[in-house]
Structure formats: structure tokens, C-alpha cells
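**Student:** Structure below; questions to follow.
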Amino acid sequence: MLLRGKALLTLFFSVLVFCNDTYADSKTIVDEDVIILDSVIVSADKRESYAQEAPTAVTVMTGSELEKAGITNIQELLNIIPNTYTSSLVGSISYTTIRGKGTNGFIENSPVIIYVDGIPMDYYQNADPGLEDIERVEVLRGSQGTLYGKGSVGGVINIISKKPADHFEGRINTYAGNYSSYGVHMSVSTPVVQDKVYFSLSGSRQYTNGYMDNSETDDGNKSEKSRLKGQIRFTPSKQLTMNLISEYGRTDQGMINLVDGSHPTLDSVAGKDDRSENRSLSNGISVFYEMDSLIFESVTTQRRDTVDAYYDFSGYRLLGPMTSESTVDLKQDEYTQEFRLRNDSANGLKWLVGAYFGYKDRDYTSFGDMPNYGMSVTYDNTIKTRDYAAFVSAEIPVWEKMRISAALRYQLTEKEAEINNYYSLYAGGKMLLADGKDEDSWSAFQPKISVSFDITDDKMFYASIARGFQSGGFNWSYGSAVAPTPEKSEWSFDEQVSWDYELGFKSIWLKRMSLNTVLFYSDMKDLQVNEYIPSKGYYIVTNAGKAHSYGAEVDAKVYLMPELVFNASVAVVKAEYDEYSNAGANYDGKTVKETPEYTLSASLEYNMRSGFYVRGDVAQTGKTYWGEANDYSRSTTTVYGARAGYEQDDWSVYIYGKNLTDERYLTLYIPGSDQGYVAAPRTFGLGAEYRF
């Protein structure tokens with residue numbers, strides 16, 4: 078692996094520490110010479126346990142660690158997760174690839190499912206939860222189907238908010254930066270009825286004028302984000318706890334960061350009047366009831382997402398040079414119910430049984446005006462999805478140092494599609510592209526088994542085998558003027574399955590360093606791939622037959638001295654198509670697109686006893702191919718960040734900088750259009766917080 082001269086600091090970091098997975102742990106200073114790493118409690122297996130004891134690849138960050146790292150959104154978080162790549166597209170659309178498994182736009186979800194206090198967010202156009210006032214974030218890598226209602230082929234991001242406190246407290250945080258950026262966040266928490274009812278409320282607003290240049294406007298790619306979140310915690314008895322949570326999110330964005338060609342510039346070719354208005358409202362009720370030796374949990378959620386967008390396509394070349402405009406109107410409602418029953422056992426046999434039901438109603442309409450072709454195009458479709466799942470797991474202690482965990486999940490997904498796509502000719506008349514109704518279902522058993530062995534009290538080895546599953550779906554953009562109203566069987570594509578294998582080693586050394594390593598292999602069948610059909614001018618999803626990925630991930634956290642902590646992670650992956658052909662071209666042996674050869678991140682943080690602190694970060698992403706043919710790629714990119722501040726008990730001030738070297742690079746390039754999306758340049762600012 079060759080690191081470029083610009084990344085010498087990265088090389089120094091990676092050599093200094095053997096690297097590991099432990100953003101999770103916190104420290105306790107016993108005296109000036111002794112440091113103890115205390116593993117953070119995680120709920121990766123649906124019951125509280127230590128991160129260092131969980132037999133899975135997991136990265137955990139507490140809320141305070143996120144603040145020190147300057148991480149304010151999911152995209153920034155994923156940028157430091159091993160073997161993970163994320164890119165932003167039109168509006169708030171973001172694609173994610175993890176270990177070679179990527180987002181599929183026609184399933185409307187991401188391979189990484191986000192849970193916010195049990196509320197699932199898998200819609201790739203609106204998966205942007207706030208990271209303020211949270212207790213911790215758990216990022217699980219690999220297939221996570223046996224213990225999570227919706228299941229996931231790539232991983233799970235589990236966000237746990239701070240619960241309303243048993244005393245009055247609050248905080249106000251504000252910042253300002255270049256590109257006319259600013260933000261403010263306020264929160265308050267208080268008991269309503271002592272020892273019975275607790276309440277918290279938080280709100281935030283962020284604005285930036287954007288970094289892109291456009292000859293027709295001074296607004297750039299401006300963005301406004303607002304959030305409001307309320308929680309009520311009710312504890313009528315020692316056995317019963319109820320949590321109610323409601324969150325509203327609003328994002329208004331202007332023109333997108335689109336440029337011509339593969340060379341990154343800040344000159345946008347998007348229309349000055351482009352806009353995207355995204356709204357989300359989510360509600361959740363969780364019930365926790367503890368009996369003598371059993372614990373019952375119920376999680377009920379509701380979420381609505383809406384997108385209202387307009388795009389002036391005069392500068393786009395998605396279908397070749399043309400003058401056109403497009404509007405998008407999308408509404409999606411989702412309801413879920415999950416039940417879990419488990420035994421309350423610290424030692425001995427541990428078991429859990431659960432059931433899940435989910436319903437999603439997606440209504441999508443878009444209108445495109447194409448005067449150069451003398452017509453307009455309309456996509457009007459509705460897809461309804463029902464998910465049913467049942468799962469069971471057990472952890473069996475073989476002897477004092479060895480545990481076997483076995484789990485099984487069954488999932489049934491049913492979908493109904495009503496598709497009405499057509500051209501309207503200026504001269505009069507209508508040309509059907511696809512019209513009709515269809516339904517299909519997909520089901521699978523998903524077993525998982527893991528074996529963990531405690532070598533010593535602070536060193537553990539584990540091995541696991543799991544089956545991943547992602548249901549099939551419908552190509553709602555399907556249509557052909559050459560062959561109108563095609564056979565309905567051509568509308569749908571098959572499910573994607575995989576067998577995932579992991580070998581892991583977790584350890585703590587001298588009470589100063591944690592070191593975790595993972596080796597993985599994934600054998601994928603019927604890999605779902607977004608394919609561009611040149612003869613028809615649109616994308617559909619087909620199944621690529623077979624693919625595989627394998628690699629290694631190493632993470633470390635080291636206290637070089639009580640005040641100086643070093644974090645690092647390095648990961649490599651090789652993901653290839655084994656059986657994949659499209660439009661007469663064969664891609665067998667080619668690297669899976671949007672899968673970096675390696676990822677590396679590191680940070681060094683110094684906390685003085687006086688309250689001053691300083692932190693430096695670096696993240697590097699290896700060579701990344703954009704297309705299936707591997708004709709286009711992005712070379713290694715390296716991004717540096719820094720933060721410094723002063724903290725006291727009830728207030729703090731800080732300065733920050735991101736992408737300090739002003740690295741210019743694309744987050745995504747589309748070979749078929751010869752256009753790409755540019756990452757943010759250097760940004761900097763200052764902020765302050767008051768706590769009461």
C-alpha cells in the first residue's frame with residue numbers, strides 16, 4: 078500500500094499504533110501513572126454488555142467523544158468507520174458502501190440501517206438524524222439480521238439518546254464559520270413528577286451559504302437544517318419503564334455540488350433555482366417491563382418522510398446534452414412493531430425471542446420537461462411493503478472461558494407495486510413506458526453462530542458465521558419506448574444473499590491500550606447492482622450473479638500518558654464481481670465500484686488538567702473505482718482536521734478546522750454522464766457552549 082507524501086503524518090500514526098476498534102472505551106485516571114480502560118456498555122446483542130466482550134466488529138463513540146471529534150452528522154461518522162464509504166448526491170440522497178455491499182436506490186434503503194432509540198431509518202434519501210444530546214453511537218459491521226427487526230446486510234448504526242435526567246439541567250451551544258455558516262443547539266431536561274415522570278426537549282438549527290460557485294447566483298449550494306426533539310420517560314414502578322420520543326427534522330437545500338468531468342472544482346453546473354425540501358417526523362414508544370427472571374420489551378414506531386424537489390437539468394448530462402427541468406414529489410409512511418422477551422441472567426444460559434412487523438407505503442411522482450425532444454416524461458408509482466420476522470437467540474456457556482451463541486431469524490417480505498410511467502408528446506398523445514400492477518414476495522432463514530473464547534480476563538478471540546439477506550424489489554423507473562408495457566416479470570429483481578465469516582481478536586494491554594482486529598470474508602449471491610442501460614437511457618437493478626469480498630480491520634486506542642490519547646483504525650478490502658455482465662460487457666474479476674481499497678483514520682488528543690485541549694485528526698481513503706468496468710477511479714485522498722478549546726464545569730469555547738489542506742476530490746463520479754459531486758473544501762470556525 079503506497080501512501081503519498083502528503084500523508085506522511087498518516088503513516089506515522091499507523092506505525093506508532095498497531096491500530097484498533099476502540100473509540101468505544103472511556104478512561105479513568107487513578108493517579109498520574111496508572112490508567113484503566115473501562116469498556117463502554119453497548120446493546121449490540123439486545124442486552125447490555127461490554128464492547129470488548131461482544132463477539133462482533135463494533136465501534137462505539139460516546140456523545141462527548143463525538144463532540145471532541147467535531148462529528149455532527151452520520152456522513153462524518155461513517156468517514157472514520159473501517160471499510161465504509163459514503164457519498165452525497167442530489168438533495169439529501171447519500172449512498173453508502175460497507176465491505177463491498179452498497180446502496181440500492183430501487184429498494185429505497187441503505188445496506189447500513191440506522192436506529193434512533195429503536196426507530197429504524199433505512200431510507201437513503203432522508204437518513205440524516207441529529208447527533209446532539211446522545212449517550213452513545215454503536216456501529217456494527219457485517220450482516221446484522223438475527224437480532225434487529227428490519228435486518229441489515231452491511232451493518233447497523235444504533236443511536237441511543239440521553240434519557241431525561243432526574244434533575245434540572247440544560248445547555249446552549251452555538252458556532253459560526255466560513256461560507257456564512259452558523260448553528261445553534263439548545264436542550265433542557267427536568268423531572269415533572271419526582272421519581273415518576275421526566276421530560277426533555279432539544280432543538281437545533283444549522284445554516285451554510287455553501288461552497289460552490291455559480292455564475293447565475295451568489296447563494297452557492299446553501300443548506301438549512303432544523304430539528305426539534307422531545308422525550309418523556311415514565312417510571313410508574315420499579316418494574317415498568319416507558320419512553321416516548323418524537324422528532325421533527327427539516328432540510329432545505331439549494332443547488333447541488335455537481336461539476337463537469339472528473340476534475341474537482343467549485344464551479345457548479347447545477348441550476349441556480351434547484352431546491353430540495355426534505356421533511357421527516359418520527360415517533361416511538363418503548364415499554365420495558367421487568368419480571369422476576371424475565372424482561373419484556375415492546376417498541377412501536379411511526380415515521381413519515383417527504384421530499385419536494387425541483388431541478389433545472391440544463392447543466393446536467395444524464396441522458397446527453399438537453400434543456401429540461403424536473404420536479405419530484407415523494408411521500409413515505411412507515412410503521413413498525415417489535416416485541417422481545419429475554420431472561421435476566423448474568424451467568425449461565427441467556428436467551429431471547431422476538432417478533433417484528435413493518436409496513437411501508439411509498440408514493441413517488443416525478444415530472445420532467447424535455448423540450449429538445451418535444452415531450453415530457455412522468456413517473457408515477459406506488460410501492461407497498463410488508464415485513465414479517467421472528468427471531469430467537471441463545472448464549473450457552475460451554476465452560477468458564479468459552480461461550481457459544483446461536484441465533485436464527487426468519488423473514489418474509491411482501492411488496493405490491495403500481496407503476497404508471499409515460500411520455501407526453503407536445504404534438505399530442507401519450508407513449509406508455511410501463512403501466513400496470515405487480516406483486517412479489519421474498520423470504521429467507523438467517524442463521525448466525527459465534528464462538529468466543531476468553532484467553533485471559535482482558536483478551537478474547539471469537540469466530541462467527543452469519544447469513545445475510547436483502548429482499549428483492551421493483552424497478553419503478555422501468556420503461557421503454559421501443560417495447561412499451563414490458564412483461565411484468567422484468568420489473569422485479571431477486572433478493573441478495575450472502576454468507577459472512579469473521580475471525581476477531583479483542584484485547585487490552587497494560588491497562589493503557591486496547592487492540593482489536595477482524596478478518597472477514599463474504600460470499601455474495603445475486604448481488605443487486607444498479608445498471609445503466611445505454612440503449613434506453615435509464616438505470617435499473619439486476620442481479621450480478623456472484624461476488625465476494627474479504628479483508629481485515631484493525632483498531633486501537635492508546636493512552637500514551639494520562640492526558641494524551643491516540644486512536645487509530647486501518648482497514649483493507651478486496652471486493653470483486655465473480656459473475657456479472659451488462660450490455661454485452663463482462664465484468665468478471667473487476668473491483669466492485671465505490672469500494673475503496675483501504676481506509677485509515679487516526680487522532681491524537683491532549684487534555685490538560687487546566688481545561689485546555691487540542692486534537693488533530695486524519696482520514697485517508699484508498700483508490701476507488703467509479704464504474705463496473707474500472708475505467709474511472711479516484712486516487713488516494715487524505716483529509717486533515719483539528720480542534721482546540723478550553724473547558725470548565727459549566728462552559729467551554731473552541732475553534733475547529735476541517736479539510737485543513739483544502740483537498741479537492743469527488744465523492745462520486747458517474748461515467749455515463751461525465752459529471753461528479755465535489756466534497757466540501759476547507760472549513761473553519763469557532764464555537765461556545767454554556768451548561769446549566
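Mind the numbering: the sequence shown is residues 78 to 769 in the numbering used here, read in order. We put the beta carbon where it would ideally sit given N, CA and C, even for glycine.
Do T462 and S501 have their CB atoms nearer than 8 Å?
**Tutor:** No.
**Student:** Reducing DSSP to helix, strand and coil, say where K145 ends up.
**Tutor:** If DSSP states are grouped into helix, strand and coil, K145 belongs with the helices.
**Student:** Return the first residue and the last residue of the alpha helix (DSSP H) that Q152 is part of.
**Tutor:** Looking at the DSSP string, the run of the alpha helix (DSSP H) that includes Q152 is I151 to L155.
**Student:** Out of A471, N291, E493 and M537, which has the shortest C-alpha to C-alpha gap to M479?
**Tutor:** Comparing Cα-Cα distances from M479 to each of A471, N291, E493 and M537, the minimum goes to M537.
**Student:** In its own chain, which residues sit with a C-beta less than 6 Å from the C-beta of Q414, not counting the 5 before and 5 after it?
**Tutor:** T377 and F434.
**Student:** Would you say the region 307–317 touches the region 289–296, given that touching needs at least three Cβ pairs under 8 Å?
**Tutor:** They do not touch, by the three-pair rule.
**Student:** Could you say which of R692, K634, L596 and D438 lies nearest to D464 if we only look at CA atoms?
**Tutor:** When only C-alpha atoms are compared, the closest one is D438.
**Student:** With a threshold of 16 other CB atoms inside 10 Å of the CB of R686, please say whether the residue is buried or exposed.
**Tutor:** Label assigned to R686: exposed.
**Student:** Using beta-carbon positions only, say whether K670 and W703 come within less than 8 Å of one another.
**Tutor:** Cβ atoms of K670 and W703: closer than 8 Å.
**Student:** With Y288 and A757 assumed to form a contact (beta carbons below 8 Å), what rounded beta-carbon distance in angstroms separates them?
**Tutor:** Right, the Cβ-Cβ distance comes to about 6 Å (below 8 Å), so this counts as a contact.
**Student:** One question on the structure: do A633 and T676 come within less than 8 Å of each other, judged by their Cβ atoms?
**Tutor:** No, the Cβ-Cβ distance between A633 and T676 is not below 8 Å.
**Student:** Considering only DSSP beta bridges, list what S164 is partnered with.
**Tutor:** DSSP output for S164 lists Y172 as bridge partner(s).
**Student:** Please report how far the alpha carbon of N684 lies from the alpha carbon of S357, in whole angstroms.
**Tutor:** Whole-angstrom Cα-Cα distance: 38 Å.
**Student:** From the DSSP secondary-structure annotation, give me the bridge partner or partners of W568.
**Tutor:** DSSP, once it has assigned bridges, lists no residue as partnering W568.
**Student:** Comparing alpha-carbon positions, which option in E579, Y162 and D512 lies nearest T744?
**Tutor:** The option with the nearest alpha carbon to T744 is Y162.
**Student:** DSSP on A757, reduced to helix/strand/coil?
**Tutor:** In the structure shown, A757 sits in coil (DSSP, three-state: anything other than H, G, I, E or B).
**Student:** Give the list of continuous beta strand (DSSP E) stretches no shorter than 3 residues that lie fully inside the region 572–647.
**Tutor:** The qualifying runs are 573–586, 590–602, 605–610, 615–620 and 623–638.
**Student:** Could you spell out where the beta strand (DSSP E) holding V189 opens and where it closes?
**Tutor:** Its beta strand (DSSP E) spans residues V189 to V193.
**Student:** Going straight from the alpha carbon of G753 to that of P341, what length do you get?
**Tutor:** Between G753 and P341, the C-alpha separation is close to 8 Å.
**Student:** With DSSP collapsed to three states, give me the class of E367.
**Tutor:** Three-state DSSP puts E367 in a strand.
**Student:** To the nearest angstrom, how far is the alpha carbon of D194 from that of K227?
**Tutor:** Roughly 14 Å separates the two Cα atoms.
**Student:** Is Q271 helix, strand or coil by DSSP?
**Tutor:** Here Q271 sits in coil by DSSP.
**Student:** Can you round the beta-carbon distance between A494 and K514 to whole angstroms, since I take them to be within the 8 Å contact cut?
**Tutor:** At roughly 7 Å, the Cβ-Cβ gap stays under 8 Å, so A494 and K514 are in contact.
**Student:** When burial is assigned at 16 or more other CB atoms within 10 Å of the CB, is K735 buried or exposed?
**Tutor:** So K735 ends up on the buried side.
**Student:** Between T328, N298, Y598 and L407, which lies nearest to S626 when the distance is taken from Cα to Cα?
**Tutor:** Of the candidates T328, N298, Y598 and L407, the one whose C-alpha sits nearest the C-alpha of S626 is Y598.
**Student:** Quick check on this structure: which residue in G247, A471, V642 and M452 has the alpha carbon closest to the alpha carbon of A504?
**Tutor:** If we check each option's Cα against that of A504, M452 comes out closest.
**Student:** Straight-line CA distance for D382 to S279?
**Tutor:** Distance between the alpha carbons of D382 and S279: 20 Å.
**Student:** In this structure, what does DSSP give as the bridge partners for D446?
**Tutor:** DSSP output for D446 lists E402 and S453 as bridge partner(s).
**Student:** Just to confirm my understanding: we take P398, look at its own chain, exclude 5 residues before and 5 after, and list those with CB closer than 6 Å. What are they?
**Tutor:** Only weak support is given to the placement of P398: the predicted model assigns it a pLDDT of 44, under 50, and the question is left unresolved by the model.
**Student:** Helix, strand or coil for S103, going by three-state DSSP, please let me know.
**Tutor:** Note that S103 scores a pLDDT of 36, beneath 50, so its modelled location is shaky; the value from the coordinates is reported in the next line. The answer is strand: DSSP assigns S103 an E or B state.
**Student:** To the nearest angstrom, how far is the alpha carbon of E144 from that of N150?
**Tutor:** Cα to Cα, the separation comes out at about 11 Å.
**Student:** Less than 8 Å separating the beta-carbons of I372 and D421?
**Tutor:** In this structure, D421 lies closer than 8 Å to I372 by Cβ.
**Student:** Relative to the C-alpha of I175, which candidate in T714, G326, L418 and Q221 has its C-alpha closest?
**Tutor:** When each option's Cα is compared against that of I175, the closest is Q221.
**Student:** Might you give, ordered along the chain, the residues of its own chain that have their beta carbon closer than 6 Å to the beta carbon of D727, omitting 5 neighbours on each side?
**Tutor:** So the qualifying residues of the chain are R768.
**Student:** Just to check my reading of the structure: M590 and V631 have Cβ atoms closer than 8 Å, yes? What is that Cβ distance to the nearest angstrom?
**Tutor:** Not quite, the Cβ-Cβ distance comes to about 13 Å (not below 8 Å), so this is no contact.
**Student:** What are the start and end residues of the beta strand (DSSP E) that includes I158?
**Tutor:** Neither: I158 is in no beta strand (DSSP E) and is coded neither H nor E.
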